[in-house]
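Just below is one structure, and these are the notes that go with it.
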Amino acid sequence: MALAGVQRPYRLYIIDGTGPSDDNDYASSMRNSFCSQLDAACGPSAFYARGPTNPGFELMSLAAAAVNWLGAQKQALPEARIMLAGYSRGATAAILAARHLRPRRIDVDALFLFDAVLMQTQLAAHTLTSNIRHAYHIMRPSPDVADHRGLIGKYEGTILDEVWDIGEAGGWTLGRKANPFRPDWGNCGRMVEDPARTAFQSMRLGIGTHGALGGVGWNGVERDEEAQALVAKWMNAYLALQGLPACLKSLPPMARLPSVGMQTVPEMIEERGRKRKPSKLPVETVRRPKY
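Start counting the sequence shown at 1; every next residue gets the next number (my numbering).
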């Protein structure tokens, strides 16, 4: 059952998660993401923006682009309901965009968040502002929850991050082991400024990597595809409530982990180190696929 008034047209700005700087590589790695699925289903009523590169310096510019597009849409179609959606740091940018719409006296009818992460000191993204009417946020397991620690701990060191080598040659180098659950990343968008004005629904899953929360899980992680299905079911209910297509579905994870019969982490370091190409960007990034 949809909310009253959802027959009005809507405009939805979608910001996906962190990924490769190359747009073609990004499109390939994020083609199954929930944000991509939502964009395809909403057609001309939505605008899809690729997410930031690591380390996410584009957050403010992504938020500003969303504000400008939604502001123009509201001016052209005053009766339009204004909405935002985002995954990972794209969700953080969506929260910031909602905040910056408030001085323009534009309300956000719905905000859909897929595991909004707190990786920069974006204090403004901690709290959802009072111009947001409805917000829906689904989050990954947390090491702060005792029942989640066993699953998270099983995958420590199973993926590799790239770091910038500041040596004489420069370039990206592999070697830092990481966890696909990203237990060291916090969540923003967990509180509301005014509960009387913002109806807030949130859920923290007990399974699912950070990738799975965005529809781009890992092949080789226990129950990641199941987690994607749970995310899709939960968010589809609220999309339908807001009169949007309940279009999300769990697709087979594409990213693979080292496991029996596959390369070990040291083997991956050795092989990818031979293949890596120098980069001109002196910043840190996560090995693709990056979520």
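Quick reminder that beta carbons are idealized off the backbone N, C-alpha and C, glycines included.
Because the structure is a prediction, the values reported are computed rather than measured.
- Under a Cβ-count criterion, where at least 16 other Cβ atoms within 10 Å of its own Cβ denotes burial, should residue 262 be classed as buried or exposed? With a pLDDT of 37 at residue 262, under the threshold of 50, the modelled position of this residue cannot be trusted; read the value that follows with caution. Counting Cβ neighbours within 10 Å, residue 262 comes out exposed, since fewer than 16 surround it.
- Query: For residue 286, which of helix, strand or coil comes out of DSSP?
  - Reply: Its pLDDT being 36, under 50, residue 286 is placed unreliably in this model, and the value from its coordinates should be taken loosely. Looking at residue 286 - three-state DSSP - the assignment turns out to be strand.
- Query: Distance, Cα to Cα, residue 18 vs residue 76?
  - Reply: 31 Å
- Query: When DSSP builds the beta bridges, which residues end up paired with residue 177?
  - Reply: 160
- Ranges of the alpha helix (DSSP H) found wholly within the stretch 4–52, counting only runs of at least 4: 23–29, 34–42
- Task: Quick one: grab the DSSP three-state call for residue 92.
- Result: helix
- Going by Cα to Cα distance, which pick from 225, 138, 207 is closest to residue 201? 138
- Message: When you compare the stretch 176–193 with the stretch 237–251, are there three or more beta-carbon pairs, one atom per stretch, that lie closer than 8 Å?
- Response: no
- Message: If you measure between the beta carbons of residue 242 and residue 148, is that distance less than 8 Å?
- Response: no
- Query: Would residue 146 be called buried (16 or more neighbouring beta carbons within 10 Å of its own) or exposed?
  - Reply: exposed
- Message: What does the alpha-carbon distance come out to for the pair residue 54 and residue 21?
- Response: 8 Å
- Between the CA atoms of residue 229 and residue 104 - distance to the nearest angstrom: 37 Å
- If you drop the 5 nearest sequence neighbours on each side, which residues of the same chain put their C-beta closer than 8 Å to that of residue 126? 118, 188, 189, 190, 191
- Message: So, with DSSP's three-state summary, where would you put residue 130?
- Response: coil
- Are there 16 or more other CB atoms within 10 angstroms of the CB of residue 58, so buried, or fewer, so exposed? buried
- Item | Simplified DSSP assignment, three categories, for residue 67 | helix
- Query: With 16 other CB atoms within 10 Å as the buried threshold, where does residue 73 fall?
  - Reply: buried
- May I have the straight-line CA-CA distance separating residue 91 from residue 51, to the nearest angstrom? 9 Å
- In terms of residue numbering, what span does the alpha helix (DSSP H) encompassing residue 199 cover? No alpha helix (DSSP H) contains residue 199, which is instead part of the beta strand (DSSP E) from 199–204.
- Query: Terminal residues of the continuous alpha helix (DSSP H) containing residue 84?
  - Reply: Here residue 84 belongs to no alpha helix (DSSP H); instead the beta strand (DSSP E) covers 81–87.
- Task: Classify residue 214 as helix, strand or coil using the three-state DSSP reduction.
- Result: coil
- Message: Rounded to whole angstroms, what is the Cα-Cα separation between residue 78 and residue 84?
- Response: 17 Å
- Query: Measuring CA to CA, which of 248, 61, 251 is closest to residue 96?
  - Reply: 61
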